[in-house]
Amino acid sequence: MAEAPGGSGRAGGVEAHARWVRISHWIVTLSVLVLAFTGFEILMVHPRLYWGIAGNDLTPALLELPISRNYKHRGYDQPKPFFQDAAGPVSASRTYDIFNQNGWGRSLHFLAAWFLVVPGAMYLLVGLFGGHFRSHVWPKARELTPRFVWRDMVDHLRFRIPAASGGPRYGLLQKGAYSLVIFVVAPLMVATGLTMSPAVTSAFPILLGLFGGYQSARTVHFFASAVLVLFVIVHVVMVVKSGFRRQIRAMTVGE
Amino acid sequence: MKNSGLITRRGAIIAGLASVGGFALARRFPKVLPPTCGNVLRMGDSFTYGAQRALLGQSLVKEYSLQDVTSFPATGTTDPGVTVKSELGESYRRLQAGAFADWRLSVEGSVARPRTFSLADLKQFPSRTQITRHTCEEGWTAIGQWTGVPLSAVLDAAGILPTGRFVVFHSYDDWVDSIDMLDALHPQTILAYGMNGRDLPIQHGAPVRLRVERQIGYKSMKYLKRIVVADKFDDGGKKGNIQNGWAWYTGI
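Top to bottom, those sequences are chains A and B.
To convert, count from 1 in the first sequence and add 24; that's this note's numbering.
To convert, count from 1 in the second sequence and add 430; that's this note's numbering.
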């Protein structure tokens with residue numbers, strides 16, 4: 025944070041987190057934790073990623089993750105070609121008892137998703153029209169000079185994290201990270217998630233075109249979630265480094 | 431806190447709008463939502479169902495061309511004659527031995543003319559062929575070509591009574607599942623007897639399976655035996671999805 029010299033206490037005139045920011049922060053936090061947990065469970069059931077429209081155990085994978093007993097299980101009977109061409113599409117019956125907890129995993133994932141989508145959409149609307157994004161989140165033009173960027177980067181690399189201000193006086197890289205999550209990664213998660221819904225894509229087939237098919241959307245969904253998890257880890261480390269108790273207080277009761 | 435009065439009012443307005451929205455949705459769909467039995471996961475499923483029905487309307491899923499057809503794993507039951515230990519498995523074995531000539535699909539419940547259809551009867555109806563994406567809850571997808579008769583044509587032949595709201599399916603692998611009338615009358619909801627230009631293979635649900643293209647794969651029930659038009663939601667008991675911990679509506 026360039027403006028506030030590292031020290032204790034809040035500089036004069038620094039705002040506290042607005043109540044709607046605090047409420048939406050914790051709803052979305054809970055939602056994202058449940059989404060990450062259930063999302064991982066869902067991925068464990070089929071830990072193969074593909075590109076394009078279709079992909080399954082009988083087609084080549086882009087990436088296969090060793091995260092459950094379903095990893096490379098190859099439990100199928102002899103494949104039979106559907107057509108004359110023996111090298112064409114085949115059918116095979118699964119003989120392996122896979123790990124699958126999607127009964128609750130999927131329903132909990134979609135329940136949690138409602139708590140991301142509805143408060144998230146309200147947060148975006150209020151943030152956009154209420155001036156929150158303009159005044160607190162979006163980096164200002166005068167901050168975007170090579171000198172500022174360089175200094176904030178060096179400070180972070182040396183782990184010199186200023187003490188919590190208890191409100192929205194964000195540093196430059198902090199603003200960049202928040203902007204990336206709010207305007208790019210979270211909307212991408214929702215859009216790729218909806219692209220995996222057969223009912224949604226029947227009404228909005230443009231989503232399939234946008235991401236290049238169901239499996240591409242699923243793969244983007246996975247990598248975007250990895251970015252989001254990385255963000256959460258860095259965010260928590262920064263909260264701890266800048267004064268955990270004070271930060272939690274500021275985001276919960278406000279100051 | 432600065433501006434605390436303003437922020438409180440704004441928060442109250444947002445909270446108010448959100449709750450009014452929730453109530454409006456619940457009031458609009460009191461009779462068509464399946465009971466949740468107090469299960470929070472099933473309440474979430476019902477909310478998704480109501481929201482998708484309210485916002486998405488009737489639209490067709492994307493259809494593909496023959497070159498797009500992919501390999502297709504057969505999962506779940508792949509031969510009721512082998513794995514189903516009850517009387518059902520045995521009758522399936524007998525039907526299979528006779529190339530399904532004796533197979534009959536019973537259509538009953540809230541219909542004016544309950545009757546049974548043989549495979550030849552179903553093939554008398556104008557057929558529909560569609561190349562669609564099968565989306566499994568596990569995360570994989572496959573593209574296949576399906577040939578069959580629109581469910582709506584079969585239901586029309588039996589004459590749906592105006593009280594009918596759901597269509598319940600019973601299968602030879604001893605499952606019971608249902609769809610609402612909107613999905614039942616959807617033009618791409620078919621009783622498929624052909625796959626990729628041939629008779630439907632055993633492992634994919636011979637002789638006839640359901641295709642419900644706007645939902646996840648497990649709603650496209652295999653090995654059909656009986657269709658019942660119902661006035662009320664029927665969770666299928668111990669043979670249905672809900673009591674086995676799975677969502678009834680899977681448009682997502």
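Each residue gets a CB set at the ideal place from its N, CA and C atoms; glycine is no exception.
query, result
"Limits of the unbroken beta strand (DSSP E) element including GLY63(A)", "No beta strand (DSSP E) holds GLY63(A); the alpha helix (DSSP H) holding it covers 43–69."
"Candidates LEU490(B), LEU485(B), ALA550(B): closest to PRO637(B) by CA position", "ALA550(B)"
"Beta-carbon contacts of VAL9(A) that lie in its chain and below 8 Å, excluding the five residues immediately before and after", "Only positions 25 to 279 of chain A appear in this structure, which leaves residue 9(A) out of reach."
"Buried or exposed by the 16-neighbour rule on C-beta atoms within 10 Å, applied to THR507(B)", "buried"
"Beta carbon proximity, THR276(A) to chain B, threshold 7 Å", "no"
"Chain-ordered neighbours of TRP576(B) on chain A, where CB pairs are closer than 7 Å", "Chain A residues near TRP576(B): none, gap ~12 Å exceeds 7 Å."
"Exposure of GLN488(B), with buried meaning 16 or more beta-carbon neighbours within 10 Å", "exposed"
"Beta-bridge partners of GLN575(B), as assigned by DSSP", "ILE561(B)"
"Where the alpha helix (DSSP H) through GLY511(B) begins and ends", "510–513"
"Cβ pair count under 8 Å reaching 3, the segment 176–187 of chain A against the segment 97–108 of chain A", "no"
"Euclidean distance between Cα positions of ILE214(A) and ASN94(A)", "Before going further, note that residue 214(A) is Val rather than Ile in the sequence given. Going by the C-alpha atoms only, they are around 27 Å apart."
"Same chain only: Cβ atoms within 7 Å of GLU493(B), ignoring 5 sequence neighbours per side", "GLN560, ILE561, THR562"
"Beta-carbon proximity of ARG558(B) to THR546(B), cut-off 7 Å", "no"
"Exposed unless 16 or more other CB atoms sit within 10 angstroms - verdict on SER516(B)", "exposed"
"Contact with chain A by TRP570(B), beta-carbon distance below 7 Å", "yes"
"Proximity winner among LEU132(A), VAL263(A), THR219(A), VAL224(A), relative to VAL244(A) (alpha-carbon distances)", "THR219(A)"
"Contact list for the segment 77–101 of chain A against chain B, Cβ threshold 9 Å", "ILE77, ALA78, GLY79, ASN80, ASP81, LEU82, THR83, ASN94, TYR100, ASP101"
"Secondary structure of THR680(B), DSSP reduced to three states", "coil"
"Among HIS70(A), THR62(A), ILE51(A), nearest to VAL141(A) - alpha-carbon criterion", "ILE51(A)"
"Closer than 7 Å to chain A by CB, GLY681(B)", "yes"
"Any chain B beta carbon closer than 7 Å to SER1(A)", "Here chain A has residues from 25 to 279 only, and residue 1(A) is not among them."
"Span separating the alpha-carbon of TRP75(A) from that of VAL224(A)", "20 Å"
"Where ALA614(B) meets chain A, residues with beta-carbon distance less than 7 Å", "Under the 7 Å cutoff, chain A gives no residues; its nearest Cβ is about 15 Å from ALA614(B)."
"heavy atom of the ligand HEM below 6 Å from LEU86(A) C-beta", "Because no ligand of any kind appears in the structure shown, any question about the ligand HEM cannot be addressed here."
"Contact with chain A by THR619(B), beta-carbon distance below 7 Å", "no"
"Residue span of the alpha helix (DSSP H) that contains LEU621(B), given as start and end", "Note, LEU621(B): premise wrong, no alpha helix (DSSP H); beta strand (DSSP E) at 620–625."
"Same chain only: Cβ atoms within 8 Å of PRO103(A), ignoring 5 sequence neighbours per side", "LEU82, VAL114, SER115, ALA116"
"Rounded separation between GLY191(A) and GLY200(A) - CA only", "17 Å"
"Inter-residue spacing [alpha-carbon to alpha-carbon] between GLY99(A) and GLY127(A)", "22 Å"
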